[in-house]
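S.K.:
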Amino acid sequence: MKDTGSELIYEVDGVELFRYVYLPDMPTSESPKPYFHPLRTRAGNLVSSYRPNDHRWHKGLQFTASEVSGENFWGGPSYTRADQAYVGLPNNGSMRHEEWVSEGVERLTWWTQAGEHWVDETRTLAVDHGDDWWSLDFSTRLVNVRDQDLVFGSPTTNGRELAGYTGLFWRGPRDFTHGTVISPTGQAEMMGEKAPWLAYVAEHDEVDAHSTLLFVSHPEQVWFVRREPFAAVNPSFAFFEEVRLAPGEELGLSHRVVVGDGAWDAERLREFA
Numbered sequence: 007m008k009d010t011g012s013e014l015i016y017e018v019d020g021v022e023l024f025r026y027v028y029l030p031d032m033p034t035s036e037s038p039k040p041y042f043h044p045l046r047t048r049a050g051n052l053v054s055s056y057r058p059n060d061h062r063w064h065k066g067l068q069f070t071a072s073e074v075s076g077e078n079f080w081g082g083p084s085y086t087r088a089d090q091a092y093v094g095l096p097n098n099g100s101m102r103h104e105e106w107v108s109e110g111v112e113r114l115t116w117w118t119q120a121g122e123h124w125v126d127e128t129r130t131l132a133v134d135h136g137d138d139w140w141s142l143d144f145s146t147r148l149v150n151v152r153d154q155d156l157v158f159g160s161p162t163t164n165g166r167e168l169a170g171y172t173g174l175f176w177r178g179p180r181d182f183t184h185g186t187v188i189s190p191t192g193q194a195e196m197m198g199e200k201a202p203w204l205a206y207v208a209e210h211d212e213v214d215a216h217s218t219l220l221f222v223s224h225p226e227q228v229w230f231v232r233r234e235p236f237a238a239v240n241p242s243f244a245f246f247e248e249v250r251l252a253p254g255e256e257l258g259l260s261h262r263v264v265v266g267d268g269a270w271d272a273e274r275l276r277e278f279a
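Residue numbers (my numbering): 7 to 279.
1) Going by Cα to Cα distance, which pick from 246, 118, 43, 228 is closest to residue 177?
2) In angstroms, rounded to a whole number, what distance separates the CA positions of residue 251 and residue 184?
3) When we look at the beta-carbon of residue 7 and count the other beta-carbons within 10 Å, is it buried (16 or more) or exposed?
4) For residue 101, tell me which candidate among 30, 181, 55, 259 has the shortest Cα-Cα distance.
5) Grab the span of the alpha helix (DSSP H) containing residue 277 for me, first residue to last.
6) Can you give the Cα-Cα distance for residue 276 and residue 21, rounded to whole angstroms?
7) Among 53, 62, 49, 50, whose alpha-carbon lies nearest the alpha-carbon of residue 35?
8) Under 8 Å, do residue 49 and residue 269 count as touching if we go by C-beta distance?
9) According to the Cβ coordinates, are residue 238 and residue 208 closer than 8 Å?
10) Identify the continuous beta strand (DSSP E) that holds residue 101 and give its terminal residues.
11) Near residue 60, which residues of its chain fall below 6 Å by C-beta distance, leaving aside the five closest residues on each side in sequence?
12) Which one of 138, 142, 91, 153 has the shortest CA to CA distance from residue 165?
13) I'd like to confirm something about residue 182: is its beta-carbon nearer than 7 Å to some heavy atom of the ligand ZN, or not?
14) Suppose only complete runs of 3+ residues qualify. What are the beta strand (DSSP E) ranges in the stretch 190-274, listed by chain order?
15) Apart from the five residues on each side of it in sequence, which residues of its chain come closer than 6 Å, Cβ to Cβ, to residue 135?
16) Do you know how far the Cα of residue 47 is from the Cα of residue 116?
17) Could you give the distance in angstroms between the alpha-carbon of residue 119 and the alpha-carbon of residue 156?
18) Contact check, residue 173 vs residue 259 under 8 Å by CB: the rounded distance?
19) Return yes when the Cβ of residue 53 is within less than 8 Å of the Cβ of residue 179, no when it is not.
20) For residue 51, report the span of its beta strand (DSSP E) as first-last.
21) Let me know the secondary structure DSSP gives residue 152 once reduced to three states.
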């Protein structure tokens, strides 16, 4: 792992598998936060998108929160129940890298746009790899340092149907649109459904190849997933129900992302999951 002072670069056999940009340069409206991009397979095929023209605040793979007690750490406009629409508000918070506590362990702080410190976060990253795959274990612990409760929600908890995105979010490249979603039950339409894992398989432009991304979370995970108009997967921790943290209380979340070369079938996905 190479540290440039603003990003971590992970390479295997001369292939750069990912960059983790922990000191990002982005406008306030995009809610500045660390992100992983580019993500590539062991064969070097790109499997992430950065600042697409439809959602400039989508950046590869990132951990974020769309609704936190009225603040937006996701980026872009906020969905408001009163307007039943997305509205640009002065509420785009940021997640700041503070230090690397040890190898793979990062300390961050969350700040509102008005300059209030609301959350302390400890994030742990671990990487493994094989001949045609690599994996990222992503764990985080969020502590409410505000003197009031923090309420984590989503556009769905705020009134928009089946828009429960919040948490670890992956945006796929353009050629991944209309890919294939595979779940443990074989169900293809998984928006708002529960499952311990979910996979997205797609074919690349330019090269004659498929790639597979497997997302693993807890057994009752609710998924936000799109195949169109773009590829996206998010194991949401507040899809239908808000999560409330009292002052000093903490929330722990853990996920695994496996990036594989080829179109993996359900049997191989179950082995990894």
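Built from N, CA and C at the ideal position, the CB exists for glycine as well. Note that the structure is predicted; figures quoted are calculated from it, not measured.
M.R.: To lay it out plainly:
1) The sequence position of residue 177 within the sequence shown is 171, counting from 1. The shortest C-alpha separation from residue 177 is found at 43.
2) On the sequence shown, residue 251 is found 245 positions in, with the first residue counted as 1. On the sequence shown, residue 184 is found 178 positions in, with the first residue counted as 1. Cα to Cα, the separation comes out at about 37 Å.
3) Taking the sequence shown and counting its residues from 1, the one referred to as residue 7 is at position 1. With fewer than 16 other Cβ atoms from the protein chains shown falling within 10 Å of its own Cβ, residue 7 counts as exposed.
4) The count along the sequence shown starts at 1 and reaches residue 101 at position 95. Nearest option by C-alpha distance: 30.
5) To locate residue 277, count along the sequence shown from 1; it is residue 271. Unbroken alpha helix (DSSP H) run through residue 277: 272-278.
6) For this step, residue 276 is matched to residue 270 along the sequence shown. For this step, residue 21 is matched to residue 15 along the sequence shown. Cα to Cα, the separation comes out at about 27 Å.
7) Locating residue 35 in the sequence shown gives position 29, counting from the first residue. Shortest Cα-Cα distance from residue 35 to any of 53, 62, 49, 50 involves 62.
8) Locating residue 49 in the sequence shown gives position 43, counting from the first residue. Locating residue 269 in the sequence shown gives position 263, counting from the first residue. In this structure, residue 269 does not lie closer than 8 Å to residue 49 by Cβ.
9) Within the sequence shown, numbered from 1, the residue matching residue 238 stands at position 232. Within the sequence shown, numbered from 1, the residue matching residue 208 stands at position 202. With respect to residue 208, residue 238 sits apart: the two C-beta atoms are not nearer than 8 Å.
10) Working through the sequence shown from its first residue, we reach residue 101 at position 95. Residues 100-108.
11) On the sequence shown, position 54 is the one that residue 60 refers to. Nothing listed; no residue qualifies.
12) Within the sequence shown, numbered from 1, the residue matching residue 165 stands at position 159. The option with the nearest alpha carbon to residue 165 is 91.
13) Of ligands this structure carries none, so the ligand ZN is not represented either.
14) If we require 3 residues or more, the beta strand (DSSP E) runs fully inside the stretch 190-274 come out as 203-209, 216-222, 228-232, 238-242, 249-251, 256-267.
15) Indexing the sequence shown from 1 puts residue 135 at position 129. Same-chain partners within the cutoff: 18.
16) Residue numbering aside, residue 116 sits at position 110 when the sequence shown is read from its first letter. Residue numbering aside, residue 47 sits at position 41 when the sequence shown is read from its first letter. Rounded to the nearest angstrom, the two C-alpha atoms are 31 Å apart.
17) Here the question's residue 119 lines up with position 113 in the sequence shown. Here the question's residue 156 lines up with position 150 in the sequence shown. Roughly 16 Å separates the two Cα atoms.
18) By 1-based counting over the sequence shown, the position of residue 173 is 167. By 1-based counting over the sequence shown, the position of residue 259 is 253. Correct: roughly 7 Å between the Cβ atoms.
19) In the sequence shown, residue 179 corresponds to position 173, counting from 1. In the sequence shown, residue 53 corresponds to position 47, counting from 1. Cβ atoms of residue 179 and residue 53: closer than 8 Å.
20) For the purposes of this step, residue 51 is taken as residue 45 along the sequence shown, with counting starting at 1. If you look at residue 51, you'll find it isn't in any beta strand (DSSP E); DSSP assigns it neither H nor E.
21) Numbered from 1 along the sequence shown, position 146 holds the residue referred to as residue 152. If DSSP states are grouped into helix, strand and coil, residue 152 belongs with coil.
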